[in-house]
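Keeping their order, the protein sequence lines are chains A and B.
Residue 9 in this note's numbering sits at position 9 of the first sequence, with consecutive numbering throughout.
If you want this note's numbering, it's the position in the second sequence, counting the first as 1, plus 1000.
Notes for the one structure printed next.
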Amino acid sequence: MSGGLLVQYVIVGLAVLASVWIVLRKLARKTTNRWLAAASIHFNQPNRGALARAFGRRLQPTEATGDCSDGCSTCGACGPKPPAAARPGEPMPLEFRSRQ
Amino acid sequence: MSASSLRIALVGNPNCGKTALFNLLTGGRQKVANYAGVTVERKEGRFMAPSGRLLQILDLPGTYSLEANSPDEQITRDICAGTFPGEAVPDLIVCVADATNLRLHLRFVLEVKRLGRPVVLALNMMDTARSRGIVIDVPELSRRLGLPVVETVAVKRGGAQALIERVDGEVPAAAPRQPDDAGDRADLHAQVRELLAATVTMPRVTAEIDDALDRWTLHPVFGLAILAVVMFLVFQAVYSLGKPMTDAIGDGFGWLGAHVAAWMPAGPLQSLVNDGLFGGLGTVLGFLPEILVLFFFIIVLEESGYLPRAAFLLDRLMLSVGLTGRSFIPLLSSFACAIPGIMGTRSITDPRDRLTTILIAPLMTCSARLPVYALLIGAFIPIHYVFGVFNLQGLVLFALYLAGILGAMLVGWVMKHIRRDKSEHALMMELPSYRLPKLRDVAIGLYERGMIFLRRLTGVILGLTVLMWFLSTFPGAPEGATRPAIEYSFAGYIGRALQYVFAPIGFNWQISLALIPAFAARETAVAALATVYLVGGESGGLGQALAGQIPLASALSLLVWFAYAPQCMSTLAIIKRETDSWRNVAISFGYMFVMAYTASFIVYQVTRALT
């Protein structure tokens, strides 16, 4: 395999890995947040170097700030946020009551 | 409250301009429209006052009373009362009132005053009030209410100056808290009448132009005809105005891809750039003009104040299928995306009606399906003018949107007949004044929609396209292979396995495969098909490839599939979030799958028999 072709395969490999990550972030936000939090704790230990700790802090998952009301993919908040109306005395969950 | 910061809640009746004021103060771009129920969640923004004090502004859903009925109103009630979990009680409540409709809005102001919190009253839309000859004695109103009163025009730059100066000063003293009592609540109406008599001169209760227009738009026959014509013209325009721009972008990307590919050395990277990025992603990007044309009309209708009229007109029809007129606006929002539509159901008071609306909202054709429709219509429906005026392609697009609406009505009707509670709820909805849409608001709305589309394109759609290219390219064909290389790839194997399920409805393995990424984002079906066909050696554009590879029956079946098919994962996630029930997610997914499969099967078999 020539050097040029090898470089092409490396770039393609990185692009595919990045794509897997993007799709996982979209489809499994909670799970990937857990992974990020675990990695963040791993790197952000007192006995680590400054660079590793800074990297750990960067990995810390942030809470979604939007609320999806402008459309899908505007906030990435699908899932983790509790329903606003799920409080005692309110009609949650919504249930379909069929004829007996 | 700290001396250097102040937490301010904007409250008021629906459609009085709270979000417009919020945007003006914070520089935010939250959605505004001319109907009640646009804001259904709390939004927070910050603003540095001239004194250097940090103002935290909360924009809350509109409510007619602190006796909340719907989930969005409950948020406002709880935040004002300081009982919302994790939310500090606001230091100051800015009660926003529509100056043209104080008869309605002052009642809520009096109710808020009883909370015993510091309150400032912002009389919004003062420009409209003046143009209608309404005169308000502001000092006298302030004196009688015992509250500071300021004038605002939230849609004009500098229109909140008086409010900023007021909230940047000393926080007003709170009125004494008054216990809630049913007798007192009835008394509020009498107090409003007294206040109006003493401080407001109003030549007419409603604007003359509104009454003249409503005679036509709310007419039981002409009104429905006007609504049908408006909707029909919107879909005609989507195709007639958007198609030439779509074609130009598609051709541009084809040309660019060919040049970049010629410049790059042969190899996997060249294939990824040419087949995946320019071919796949470029094809989806080409549909941006059609999406923007659709949104242009949606924004104009939202701004004009026509939509609540349409809801009123359709109330009787919607009651007959187990819905209410209140469902109309969430359902209309679903034409943009099912997610804001489903969230918009929070303004529906009755849990039964809300659930029905949530379950049928995904049947409204969201903008993500537009690229799929436009692609297949462009490839299979000839450019032909019916009666010399109506574009046949536009008619087919209209028919597909109509199919979604009729499907939703059918499901609503079935739910009405199998549910226990059959009671009907009267529609109570405020009809706002008509307003000429402001060019700036329309431009900002279109910019926002365009950016949302581009973020999707460069995020999840790009990721899925690269993965689809990878699956279509690897592993390569073995030595001595007789069939096209793509048939030996992962995509080939997965597609052929799926074809067992989808062959009865006329889908080949490429289409069957494209349905998987479409579950993450509908537009990705187009990118996936483009990538798979380009990797498979097709050239000359996806439309031509499809026209040469699949019969008309399969194309029509695919169109019908997308009209009814289970929605993207985000929609299912939001159904779970809003109903707090996995059962509803399963019901939603299950009924749509059965409906889509059955309809596609019928269309495929009938078309095949006829052609």
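Quick reminder that beta carbons are idealized off the backbone N, C-alpha and C, glycines included.
- Does the region 1150–1159 of chain B come within contact of the region 1113–1125 of chain B, defined as at least 3 CB pairs closer than 8 Å? The region 1150–1159 of chain B, when compared against the region 1113–1125 of chain B, does touch it at the 8 Å Cβ threshold.
- Task: With DSSP collapsed to three states, give me the class of aspartate 1187/B.
- Result: The residue you call residue 1187/B lines up with position 187 of the second sequence. Aspartate 1187/B: helix per DSSP, three-state reduction.
- Message: Using the three-state DSSP reduction, which class does glycine 1045/B fall into: helix, strand or coil?
- Response: Within the second sequence, numbered from 1, the residue matching residue 1045/B stands at position 45. DSSP places glycine 1045/B in strand when its eight states are reduced to three.
- Cβ-Cβ distance between phenylalanine 1398/B and phenylalanine 1507/B below 7 Å: Taking the first residue of the second sequence as position 1, residue 1398/B is located at position 398. Taking the first residue of the second sequence as position 1, residue 1507/B is located at position 507. Taking 7 Å as the Cβ cut-off, phenylalanine 1398/B and phenylalanine 1507/B do not qualify as a contacting pair.
- Item | Residue-chain proximity (glycine 1062/B, chain A), Cβ-Cβ < 7 Å | Indexing the second sequence from 1 puts residue 1062/B at position 62. No, because no Cβ of chain A sits closer than 7 Å to the Cβ of glycine 1062/B.
- Message: Taking the straight line between their C-alpha atoms, what separation do you get for serine 1588/B and arginine 1483/B?
- Response: Translated into positions along the second sequence, residue 1588/B becomes position 588. Translated into positions along the second sequence, residue 1483/B becomes position 483. Taking the straight line from one Cα to the other gives about 40 Å.
- Alpha carbon of isoleucine 1339/B to alpha carbon of phenylalanine 1312/B, nearest angstrom: Translated into the one-based positions of the second sequence, residue 1339/B becomes position 339. Translated into the one-based positions of the second sequence, residue 1312/B becomes position 312. Going from the Cα of isoleucine 1339/B to the Cα of phenylalanine 1312/B covers about 23 Å.
- isoleucine 1388/B - DSSP class collapsed to helix/strand/coil: As a working mapping, residue 1388/B is identified with position 388 in the second sequence. In the sequence as displayed, the identity of residue 1388/B is glycine instead of isoleucine. Three-state result, glycine 1388/B: coil.
- Message: Can you check whether the C-beta of leucine 1355/B is within less than 7 Å of a C-beta belonging to chain A?
- Response: Counting from one through the second sequence, the residue named residue 1355/B turns up at place 355. Interface residue, yes.
- Message: Residues in the same chain with beta-carbon distance under 7 Å from histidine 1384/B, minus the five sequence neighbours each way, listed in chain order, please.
- Response: Within the second sequence, the letter at position 384 stands for residue 1384/B. Closer than 7 Å at Cβ, skipping near neighbours: Leu1392.
- Within 7 Å, strictly: CB atoms of lysine 1018/B and valine 1096/B: Position 18 of the second sequence, counting from 1, holds the residue named residue 1018/B. Position 96 of the second sequence, counting from 1, holds the residue named residue 1096/B. Yes, the Cβ-Cβ distance between lysine 1018/B and valine 1096/B is below 7 Å.
- Message: Our contact map puts leucine 1407/B next to tyrosine 1564/B with C-beta atoms below 8 Å; I'd like the distance itself, whole angstroms only.
- Response: Taking the first residue of the second sequence as 1, we reach residue 1407/B at position 407. Taking the first residue of the second sequence as 1, we reach residue 1564/B at position 564. Leucine is not the amino acid found at residue 1407/B; the sequence shown has glycine there. Right, the Cβ-Cβ distance comes to about 6 Å (below 8 Å), so this counts as a contact.
- Compute the Euclidean distance between the alpha carbons of lysine 30/A and arginine 1143/B, then round it to the nearest angstrom. Locating residue 30/A in the first sequence gives position 30, counting from the first residue. Locating residue 1143/B in the second sequence gives position 143, counting from the first residue. Cα to Cα, lysine 30/A sits roughly 53 Å from arginine 1143/B.
- Task: Take the Cβ of leucine 1147/B as the centre, count every other Cβ of all protein chains shown within 10 Å, and call the residue buried at 16 or more, exposed below.
- Result: For the purposes of this step, residue 1147/B is taken as residue 147 along the second sequence, with counting starting at 1. Buried: at least 16 other Cβ atoms inside 10 Å.
- Task: Kindly list, in the order they appear in chain A, the residues whose Cβ is closer than 9 Å to that of alanine 1520/B.
- Result: By one-based count along the second sequence, residue 1520/B stands at place 520. Under the 9 Å cutoff, chain A gives Val23, Lys26 and Leu27.
- Closer than 7 Å, CB to CB, is valine 1460/B near chain A or not? Here residue 1460/B refers to the residue found at position 460 when the second sequence is read from its first residue. By this cut-off, valine 1460/B is an interface position.
- Give the residues of chain B in contact with alanine 15/A, contact being defined as C-beta atoms less than 8 Å apart. Start at 1 with the first residue of the first sequence, and residue 15/A comes out as number 15. Chain B residues near alanine 15/A: Leu1272 and Val1466.
- Task: Go through its chain and collect everything with a Cβ distance to lysine 1576/B's Cβ below 8 Å, but skip five positions before and after it.
- Result: The residue given as residue 1576/B occupies position 576 in the second sequence. For lysine 1576/B, where only same-chain residues beyond five positions count, the Cβ hits under 8 Å are Trp1582, Asn1584 and Val1585.
- With DSSP run on the structure shown, which of helix, strand or coil describes glutamine 1056/B? If you number the second sequence from 1, residue 1056/B lands on position 56. For glutamine 1056/B, the secondary structure class from DSSP, reduced to helix, strand or coil, is strand.
- Message: Counting only beta-carbon separations shorter than 7 Å, does glycine 1282/B have a partner in chain A?
- Response: Taking the first residue of the second sequence as position 1, residue 1282/B is located at position 282. It does not; no Cβ of chain A falls within 7 Å.
- Following the continuous alpha helix (DSSP H) through lysine 1023/B, name the residue where it begins and the one where it ends. Working through the second sequence from its first residue, we reach residue 1023/B at position 23. Reading off the sequence, residue 1023/B comes out as asparagine, not lysine. 1018–1026 is the span of the alpha helix (DSSP H), which, as asked, contains asparagine 1023/B.
- Query: Candidates Leu1513/B, Glu1487/B and Phe1562/B: which alpha carbon is nearest glutamine 1499/B's?
  - Reply: Locating residue 1499/B in the second sequence gives position 499, where the first residue counts as 1. Comparing Cα-Cα distances from glutamine 1499/B to each of Leu1513/B, Glu1487/B and Phe1562/B, the minimum goes to Leu1513/B.
- Query: If leucine 1535/B sits next to isoleucine 1486/B, beta carbons under 8 Å apart, how far is it from one beta carbon to the other, in whole angstroms?
  - Reply: As a first step, residue 1535/B must be located in the second sequence, where it is residue number 535. As a first step, residue 1486/B must be located in the second sequence, where it is residue number 486. Checking the sequence, you will find valine at residue 1535/B rather than leucine. Valine 1535/B to isoleucine 1486/B, Cβ: 5 Å. Contact.
- Query: Listing by chain order, which chain A residues have their CB less than 7 Å from the CB of phenylalanine 1470/B?
  - Reply: For the purposes of this step, residue 1470/B is identified with residue 470 of the second sequence, where counting begins at 1. Correct list: Val16.
- Item | Against chain B: residues of the region 29–60 of chain A by CB proximity under 8 Å | none
- What's the call for lysine 1422/B, buried or exposed, on a 16-neighbour Cβ count within 10 Å? Counting from one through the second sequence, the residue named residue 1422/B turns up at place 422. Taking all protein chains in view, the Cβ of lysine 1422/B is surrounded by fewer than 16 other Cβ atoms within 10 Å, so the residue is classified as exposed.
- Does the count of Cβ pairs from the region 1216–1224 of chain B and the region 1235–1249 of chain B closer than 8 Å reach three? no
- Item | Start-end ranges of the alpha helix (DSSP H) lying completely within the region 1451–1520 of chain B, minimum 4 residues | Runs found: 1462–1473, 1490–1502 and 1509–1518.
- Task: Run the CB neighbour count on histidine 1105/B, radius 10 Å, all protein chains shown included, and call it buried at 16 or more, exposed below.
- Result: Here residue 1105/B refers to the residue found at position 105 when the second sequence is read from its first residue. Taking every protein chain shown into account, the CB of histidine 1105/B has 16 or more other CB atoms within 10 angstroms, so this residue is buried.
- Task: Go through its chain and collect everything with a Cβ distance to isoleucine 1342/B's Cβ below 6 Å, but skip five positions before and after it.
- Result: Mapped onto the second sequence, residue 1342/B falls at position 342. Excluding residues within five positions, the ones whose Cβ falls inside 6 Å are Ile1358, Ala1361, Ile1574 and Glu1578.
- How big is the Cα-Cα spacing for proline 1265/B and valine 1532/B? Along the second sequence, read from residue 1 onward, the residue named residue 1265/B stands at position 265. Along the second sequence, read from residue 1 onward, the residue named residue 1532/B stands at position 532. For proline 1265/B and valine 1532/B, the distance between alpha carbons rounds to 21 Å.
- Of the choices Leu1195/B, Ala1228/B, Val1038/B and Ala1049/B, whose alpha-carbon is the least far from that of isoleucine 1405/B? Stepping through the second sequence from its first residue, residue 1405/B is reached at position 405. Residue Ala1228/B is the option with its Cα nearest to isoleucine 1405/B.
- Message: Tell me which residues share the same chain as glycine 1133/B and place their Cβ nearer than 7 Å to its Cβ, disregarding the 5 neighbours each side in the sequence.
- Response: Here residue 1133/B refers to the residue found at position 133 of the second sequence. Excluding positions up to five away in sequence, the list reads Pro1203.
- Query: Are the Cβ atoms of alanine 1033/B and glutamate 1302/B separated by less than 7 Å?
  - Reply: In the second sequence, residue 1033/B corresponds to position 33, counting from 1. In the second sequence, residue 1302/B corresponds to position 302, counting from 1. Yes, the Cβ-Cβ distance between alanine 1033/B and glutamate 1302/B is below 7 Å.
- Message: Output needed for arginine 1440/B: all residues of its chain with C-beta closer than 6 Å, excluding positions within five of it in sequence on either side, in chain order.
- Response: Here the question's residue 1440/B lines up with position 440 in the second sequence. So no residue of the chain qualifies.
- Message: Against glycine 4/A, what residues of chain B qualify as contacts under a CB-to-CB distance less than 9 Å, listed in chain order?
- Response: As a first step, residue 4/A is located in the first sequence; it is residue number 4 there, counting from the start. Result: Pro1265 and Gly1267.
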